[in-house]
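Chemist:
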Amino acid sequence: MGQLKIHIILCCLLLSFNQVYSQLNETVTGRINIQESDNLILIKAQVENEEPLFKNNLFYNLLALKKTASGNYSNNRQEGEFSLNPGESKTLSEIRLNKDADEELRIYLFIKQEDKLIAKDSIYILPQKQQQIEKSVVREVDFELKGIVVDEVITKIGKDFHDYFYQDYLNSGTQYPFIITITEKPYFATSSIISVKVDDRIIHEFISKPDEEYLKSNVKITLQNLSQYSKQRKMLFRNSRI
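If you're matching positions, the sequence shown starts at 85 in the working numbering and goes up one per residue.
1. Under a three-way DSSP split, which group does GLN312 fall into?
2. So, does the CB of LYS240 fall closer than 9 Å to a CB anywhere in chain D?
3. Say whether the stretch 200-210 touches the stretch 166-174, bearing in mind that this needs 3 or more beta-carbon pairs closer than 8 Å, one atom from each stretch.
4. Taking the beta strand (DSSP E) that GLY114 belongs to, which residues open and close that run?
5. Determine the DSSP secondary structure at VAL237, reduced to helix, strand or coil.
6. Quick one: which unbroken beta strand (DSSP E) runs of 3-plus residues sit fully inside the stretch 140-223? Chain order, please.
7. On the CB-based measure, 16 or more other CB atoms within 10 Å of its CB, does ASP283 come out buried or exposed?
8. Among VAL112, ILE241, GLU289, LEU299, whose alpha-carbon lies nearest the alpha-carbon of LEU142?
9. Is the stretch 291-311 touching the stretch 266-281, taking contact as three or more C-beta pairs under 8 Å?
10. Assign THR306 to one of three DSSP states: helix, strand, or coil.
11. Using the beta-carbon count (16 or more within 10 Å), is VAL222 buried or exposed?
12. Taking the alpha-carbon positions, what's the ARG190 to GLN251 distance?
13. Under 9 Å between the Cβ atoms of ASP244 and ILE266?
14. Tell me PHE290's beta-bridge partners as DSSP assigns them.
15. Can you list, in chain order, the residues of its chain whose CB lies under 8 Å from that of SER276, leaving out five sequence neighbours each side?
16. Helix, strand or coil for GLU228 per DSSP?
17. If we ignore side chains and look at the alpha-carbon of each, how far apart do LYS204 and GLN130 end up?
18. Select from GLU172, LEU201, SER121, GLY231 the residue whose C-alpha is nearest the C-alpha of TYR157.
19. If you draw a straight line from the C-alpha of GLU228 to the C-alpha of SER206, how long is it?
20. Evaluate PHE249 with the Cβ neighbour count: other Cβ atoms within 10 Å of its Cβ, from every protein chain shown; 16 or more gives buried, anything less gives exposed.
21. State buried or exposed for ASN302, treating a residue as buried only when at least 16 other CB atoms are found within 10 Å of its CB.
22. For THR265, list the residues DSSP reports as bridge partners.
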């Protein structure tokens, strides 16, 4: 689908802006640490349990998204389950990669407990030319990443809907500054419920059916709802800064 396609399958849902702060658990903290040597970068995902209680059913996702000078994207992802003893700190995962001076690197860490986001961190490393104007490493809690669609479907029908949606989304020329998540869960008999979510809100939801026109009609509804949600979202953020 061309250079603009950034198809990243994640196992966690990104929540953004003010809605996140009410849900994050401050007793478990996650942090990204980086070490640079020439054009080599070592990325470490670290976590700490600040409570005197055992924590289990934890899941982490570490994503490094690199953009070349020509606009191509590549990604490296580590994920897994873990637990924390009282007061324990540890390194969850490491990613080693090469980065040229003219490349951008965005790193994201998400930590969930029983399907709830409890901690996150992000780092953005600018190309060398931009470093003359801005700081070389910018830590941003709510960095905007445009054009990302998260695929969490489980059936061929769900995959077909995702593909139809993604193609029309790219062709629309609009890349929203939030992550769109397409999820699917079993329903009656062989059917399922497909949901499109943004910021933990359901934008559109429908019962699956093996019919191309039916799926494409739901793609159209989803795009219309996303456009309306984006306008409302901009107004909310604009008013919150007045």
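For each residue, glycine too, the CB sits at the ideal point set by N, CA and C.
Here the structure is a predicted model, which means the values were calculated and not measured.
Modeler: For this structure:
1. helix
2. The structure shown has no chain D; it contains just one protein chain.
3. no
4. 112-121
5. coil
6. 157-168, 173-182, 188-197, 200-209, 221-223
7. buried
8. VAL112
9. yes
10. helix
11. Note that VAL222 has pLDDT 43, beneath the 50 cutoff, so the model's placement of it is unreliable and the number below is only indicative. Exposed, by the Cβ-count rule.
12. 24 Å
13. no
14. ILE278
15. ILE238, THR239, ILE241, GLY242, GLU268, LYS269, PRO270, ILE291, SER292
16. Any reading at GLU228 needs caution, since the residue's pLDDT is 48, under 50, leaving its predicted position unreliable; the model's value is listed next. Note: GLU228 maps to coil in three-state DSSP.
17. 11 Å
18. GLY231
19. Its pLDDT being 48, under 50, GLU228 is placed unreliably in this model, and the coordinates cannot settle the point.
20. buried
21. buried
22. VAL234, LYS281
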